[in-house]
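Asks: Just passing along the structure, written as structure tokens.
The following block contains the structure:
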């Protein structure tokens, strides 16, 4: 960071009464925070660099975490949509195809450290612990929206769905560019998977985003290698009794010896497959079919759990079904395309699956967005500032008493 930007930022924090000069100046507090962010520094590293106590760093860093929500409300603004961005309007490659595009959305994973017994939902598909953060940017590379705090196992699409439910909106007729991790809708334009865009095709009739705007899809190639008949696996025919038997076996092996942080081990699946075959001798399911069914049950449990949190949705404990009005069901089917079968069918193993997966899947309990209610954030921040002022006032009174006592002696 350039020195003049550093000084301007420190002056702004002091002028807006977000940070105060005490024993440690605002500039030094800001240096603590920026050094920690840029070097991923621990408190021990800060002690070596700045020669202060661990308690001092903890207090200063906490001050910054308290004011960041307030700063996000002040600096993260929605994009201007009155006219196309100059980079689009003045370039024949992009205009008029992207005339209504107002920015881009992508997700990034921020590494974290957390207690082992809480780590499971934060483990992403690469095996590391992280938060899944969604960032929205305009074409000037200005960040206009942030959704953070989702566990690393949450998909990009789920984070976006949560953001839409908590205040993120797309103006009518406008859209954002997204990658293949998101659905292709009127408000979010994703690349077509069957065609890779090339620079020399941009602005030509063959450019896939222009084809998308016209509703034209490229057919997939027909010269794919045919699978061997021996490799074809018969589809497993499941019923409620077989599903209950599988869930019972999962419960029997739901402990640290058999189950890792995100998954049962391969040897455990071999053992569970053998037990399942012994208890259900009229079927002959292999390990991969049991694992596929477990993933399906987990996906349906997550979907119904999230649908139950929607405003207006209820849950009938006796019938084990979602209860909602027709208009709400229409919205649920848009948000959860696979939920349609539960409109008339029950899901009796919901509670049993909850015992398996609660605390093991991403729920977004720590989610925070840049559009969170300003009043709530400011009130919490002001309450803490008032408490600090009161404590400082009490300390001044105590110091005055000590001085008078010493003078009386």
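In the working numbering, the protein residues as written are 22 to 430. From the three backbone atoms N, C-alpha and C, an ideal C-beta is built for every residue, glycine too.
Check the DSSP bridge columns for residue 172 and list the partner residues they point to.
Replies: In the chain shown, the residue the question calls residue 172 occupies position 151. Answer by DSSP bridge pairing, in chain order: 152.
Asks: I need the straight-line Cα distance from residue 220 to residue 212, nearest angstrom please.
Replies: Taking the first residue of the chain shown as position 1, residue 220 is located at position 199. Taking the first residue of the chain shown as position 1, residue 212 is located at position 191. Because the pLDDT at residue 220 is just 44, under 50, the model does not fix this residue reliably, and the point stays unresolved.
Asks: Taking all protein chains shown into account, decide if residue 278 is buried (16 or more other Cβ within 10 angstroms of its Cβ) or exposed.
Replies: Within the chain shown, numbered from 1, the residue matching residue 278 stands at position 257. With fewer than 16 Cβ atoms within 10 Å of its Cβ, residue 278 is classed as exposed.
Asks: Just the C-alpha distance for residue 97 and residue 333, rounded to the nearest angstrom, thanks.
Replies: Here residue 97 corresponds to residue number 76 of the chain shown, with the count starting at 1. Here residue 333 corresponds to residue number 312 of the chain shown, with the count starting at 1. One C-alpha to the other measures close to 31 angstroms.
Asks: Roughly how many angstroms separate the alpha carbons of residue 24 and residue 162, rounded to a whole number?
Replies: Numbered from its first residue, the chain shown carries residue 24 at position 3. Numbered from its first residue, the chain shown carries residue 162 at position 141. Distance between the alpha carbons of residue 24 and residue 162 is about 22 angstroms.
Asks: Looking at the strands, I want to know which residues DSSP matches up with residue 130.
Replies: Position 109 of the chain shown, counted from the start, is the residue given in the question as residue 130. In the DSSP output, where bridge partners are listed per residue, residue 130 has 153.
Asks: Just the C-alpha distance for residue 378 and residue 143, rounded to the nearest angstrom, thanks.
Replies: Within the chain shown, the letter at position 357 stands for residue 378. Within the chain shown, the letter at position 122 stands for residue 143. Approximately 14 angstroms between the Cα atoms of the pair.
Asks: Out of 345, 392 and 386, point me to the one whose CA is closest to residue 152's CA.
Replies: Within the chain shown, the letter at position 131 stands for residue 152. Minimum Cα distance to residue 152 is reached at 386.
Asks: Does the distance from the CB of residue 191 to the CB of residue 208 come in under 8 angstroms?
Replies: Indexing the chain shown from 1 puts residue 191 at position 170. Indexing the chain shown from 1 puts residue 208 at position 187. Yes; because the gap between Cβ atoms is below 8 angstroms, this pair is in contact.
Asks: Between the alpha carbons of residue 312 and residue 124, how many angstroms are there, rounded?
Replies: If you number the chain shown from 1, residue 312 lands on position 291. If you number the chain shown from 1, residue 124 lands on position 103. Between residue 312 and residue 124, the C-alpha separation is close to 40 angstroms.
Asks: What alpha helix (DSSP H) runs, 4 residues minimum, are completely inside the stretch 262-332?
Replies: Runs found: 287-300 and 308-329.
Asks: On a CA-only basis, which of 268, 347 and 355 is nearest residue 315? Give me that one, please.
Replies: One-based indexing of the chain shown puts residue 315 at position 294. If we check each option's Cα against that of residue 315, 268 comes out closest.
Asks: Out of 104, 292, 34 and 165, point me to the one whose CA is closest to residue 194's CA.
Replies: In the chain shown, counting from the first residue as 1, residue 194 sits at position 173. Here the closest residue by C-alpha is 104.
Asks: Output needed for residue 115: all residues of its chain with C-beta closer than 6 angstroms, excluding positions within five of it in sequence on either side, in chain order.
Replies: Taking the first residue of the chain shown as position 1, residue 115 is located at position 94. Answer for residue 115: 109, listed in chain order.
Asks: Would you kindly work out how many angstroms separate the C-alpha atoms of residue 117 and residue 101, rounded to a whole number?
Replies: Mapped onto the chain shown, residue 117 falls at position 96. Mapped onto the chain shown, residue 101 falls at position 80. Roughly 18 angstroms separates the two Cα atoms.
Asks: So, under 8 angstroms CB-CB, residue 341 and residue 376 are touching, yes? Tell me the CB distance rounded to an integer number of Å.
Replies: By one-based count along the chain shown, residue 341 stands at place 320. By one-based count along the chain shown, residue 376 stands at place 355. Not a contact, Cβ separation roughly 15 angstroms.
Asks: Here's the rule: buried if 16 or more other CB atoms are within 10 angstroms of the residue's CB, otherwise exposed. What is residue 262?
Replies: Counting from 1 along the chain shown, the entry for residue 262 is found at position 241. Exposed: under 16 other Cβ atoms inside 10 Å.
Asks: Just curious, the alpha helix (DSSP H) that residue 55 is in, first and last residue?
Replies: Residue mapping note: residue 55 aligns to position 34 of the chain shown, counting from 1. Element bounds for residue 55: 47-60.
Asks: Which same chain residues, not among the five before or five after residue 160, have their C-beta less than 6 angstroms away from its C-beta?
Replies: If you number the chain shown from 1, residue 160 lands on position 139. 106 and 108.
Asks: Straight-line CA distance for residue 274 to residue 310?
Replies: Indexing the chain shown from 1 puts residue 274 at position 253. Indexing the chain shown from 1 puts residue 310 at position 289. Between residue 274 and residue 310, the C-alpha separation is close to 18 angstroms.
Asks: Can you have a look at residue 85 and say buried or exposed, based on whether 16 or more other CB atoms are within 10 angstroms of its CB?
Replies: Stepping through the chain shown from its first residue, residue 85 is reached at position 64. Burial call: buried.
Asks: For residue 44, is the classification buried or exposed, using 16 other Cβ atoms within 10 angstroms of its Cβ as the cut-off for buried?
Replies: Counting from one through the chain shown, the residue named residue 44 turns up at place 23. Exposed, since its Cβ has fewer than 16 Cβ neighbours within 10 Å.
Asks: From residue 388 to residue 347, what does the alpha carbon distance come to, in whole angstroms?
Replies: As a working note, residue 388 is residue 367 in the chain shown. As a working note, residue 347 is residue 326 in the chain shown. The straight-line gap from Cα to Cα measures roughly 29 angstroms.
Asks: Report the partner residues of residue 390 according to the DSSP bridge assignment.
Replies: Here the question's residue 390 lines up with position 369 in the chain shown. Paired residue(s): 168.
Asks: Tell me which residue opens and which closes the beta strand (DSSP E) that residue 196 is part of.
Replies: As a working note, residue 196 is residue 175 in the chain shown. Residue 196 -> beta strand (DSSP E) spans 196-198.
Asks: Let me know if residue 291 comes out buried or exposed under the rule of 16 or more other beta-carbons within 10 Å of its beta-carbon.
Replies: In the chain shown, residue 291 corresponds to position 270, counting from 1. Label assigned to residue 291: exposed.
Asks: With residue 350 as the anchor, note down where its alpha helix (DSSP H) starts and where it stops.
Replies: Walking along the chain shown from the start, residue 350 turns up at place 329. It spans 347-356 - the alpha helix (DSSP H) in which residue 350 sits, taken as one unbroken run.
Asks: Going by other Cβ atoms of all chains shown within 10 Å of its Cβ, with 16 needed for buried, is residue 238 buried or exposed?
Replies: Working through the chain shown from its first residue, we reach residue 238 at position 217. The predicted model places residue 238 with a pLDDT of 43, which falls under 50 and marks its position as unreliable; any figure quoted below should be read in that light. Burial call: exposed.
Asks: Would you list the residues sitting across from residue 144 in a DSSP beta bridge?
Replies: Residue mapping note: residue 144 aligns to position 123 of the chain shown, counting from 1. 150, per the DSSP bridge assignment.
Asks: Using DSSP with H/G/I as helix, E/B as strand and the rest coil, what is residue 122?
Replies: As a working note, residue 122 is residue 101 in the chain shown. Correct three-state label for residue 122: strand.
Asks: With a 10 Å radius around its C-beta and 16 neighbouring C-beta atoms as the bar for buried, classify residue 65 as buried or exposed.
Replies: Numbered from 1 along the chain shown, position 44 holds the residue referred to as residue 65. Burial call: exposed.
Asks: Quick check on DSSP: helix, strand or coil for residue 344?
Replies: On the chain shown, position 323 is the one that residue 344 refers to. Strand.
Asks: Indicate the three-state DSSP secondary structure (helix, strand or coil) for residue 337 in the structure shown.
Replies: By 1-based counting over the chain shown, the position of residue 337 is 316. DSSP places residue 337 in strand when its eight states are reduced to three.
Asks: Starting from residue 161, trace the alpha helix (DSSP H) in both directions and tell me its first and last residue.
Replies: Here residue 161 is taken as the residue at index 140 of the chain shown, counted from 1. From DSSP, residue 161 is part of no alpha helix (DSSP H); its letter is neither H nor E.
Asks: So, is residue 39 buried or exposed, given that buried needs 16 or more other C-beta atoms within 10 angstroms?
Replies: Stepping through the chain shown from its first residue, residue 39 is reached at position 18. Residue 39 should be labelled buried.
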